[in-house]
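Below is one structure; the comments refer to it alone.
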Amino acid sequence: MATTNPSASSTGASHDAPRGAALITGAGGALGRATALRLAADGFAVAVLGRESEELRETATLLADAGHRGHTVVCDLREPASIAAAVDEVERELGPLTAVINNAAIYPPTPFLEIPLAEYEDVVRVNQTGYFLVAQESAKRMVPRGAGAIVNVSSITFHGGWANLASYVSTKGASVGLTRALARELGGSGIRVNAVSPGAFPTKAEEIHENPEQYTQWVLDRQSLKRRGGNEELASVISFLVGPDSSFLTGQTLNVDGGWVME
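Each residue of the sequence shown is one higher than the last, beginning at 123 in my numbering.
Here it is as structure tokens:
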């Protein structure tokens, strides 16, 4: 079930968020945290959602320390009932949702021939079904209001294919398909749906690579820009996609990868 961590809600900022409430799943991770801080700075009241963890608490603390209005919801995306409860809680605590970022993901690195069905289904529950349900529950509330923005976080791995990550890659492809379908269906209600496809950003996901220096060189050999991207740079693109400057943009997937994939 969704639960609240009252100590993580900030108290120093105004309770009149001019841009409404933003919900970010997987907010304990590096990309989710950077996005939470950016959207809070943009004027959103930010709900950080994730499984109970020190990382999620740290994100909430950073928001509070910066004087932003935030709310923490502990929620397992494997549990459909908890997703509906979480969205209800966010609107009850922060007001109407105007932005939703589907960011949470798991990525067990297993060779395709060795992936057990249970592992594959677990990845689908979090990365695919979780995105679907968070978007659906949020859209149920956005549609009557005639406005809202949803951003699904895909991955560069969908565009190029990645060994030992078949479950993850397939779900990231599904997030692009979901983005296009929802953009088409919800556009008449004033809701925009886009996706971002991050390249190799410095996150905990890099722990699956045995040699970090070798991996960094492998990344730079493929990027047009010969430096690693910062998590704040992805957050800035998400900020654009939920903001007024992208008001006529929907159904698109933006590759934020330093010029790795060009399509």
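Where is the CB? At the ideal position from N, CA and C, for every residue including glycine.
Cβ contact annotation for Phe166 (same chain, cutoff 7 Å, sequence separation greater than five): Ala139, Arg141, Gly142, Ala143, Ala144 and Ala221, in chain order. In the assembly as shown, Lys262 is an exposed residue. Its beta-carbon has fewer than 16 other beta-carbons within 10 Å. Taken through DSSP and simplified to helix, strand or coil, Asn316 comes out as strand. Its Cα nearest to that of Gly299, the residue Tyr253 stands out among Tyr253, Trp340 and Arg267. In this structure Ala226 is in contact with Thr147, their Cβ atoms being roughly 4 Å apart against a cut-off of 8 Å. Here Ile272 is bridged, per DSSP, to Val222 and Val315.
As the crow flies, the alpha-carbon of Ile228 is around 19 Å from that of Leu235. According to DSSP, residue pairing for His190 in a beta bridge does not occur. A residue is called buried when at least 16 other Cβ atoms come within 10 angstroms of its Cβ; Glu211 meets this threshold and is buried. The bridge partners DSSP lists for Ala167 are Ala143. Put simply, the backbone Cα of Ser368 is about 27 Å away from that of Glu215.
Contact check for Trp382 against Ile278 passes: the beta carbons are separated by less than 8 Å. By the C-beta criterion, the segment 154-161 is judged to be in contact with the segment 356-373, since at least 3 inter-stretch pairs fall below 8 Å.
In this structure the segment 280-296 does not lie against the segment 195-204, because fewer than three pairs of beta carbons, one per stretch, are closer than 8 Å. Of the residues Lys348, Ala271 and Gly172, the one whose Cα lies closest to the Cα of Leu308 is Ala271. Per DSSP, Val378 is one residue of the beta strand (DSSP E) stretching across Thr375 to Val378.
Under the three-state reduction of DSSP, Val383 is assigned to coil, being neither helix nor strand.
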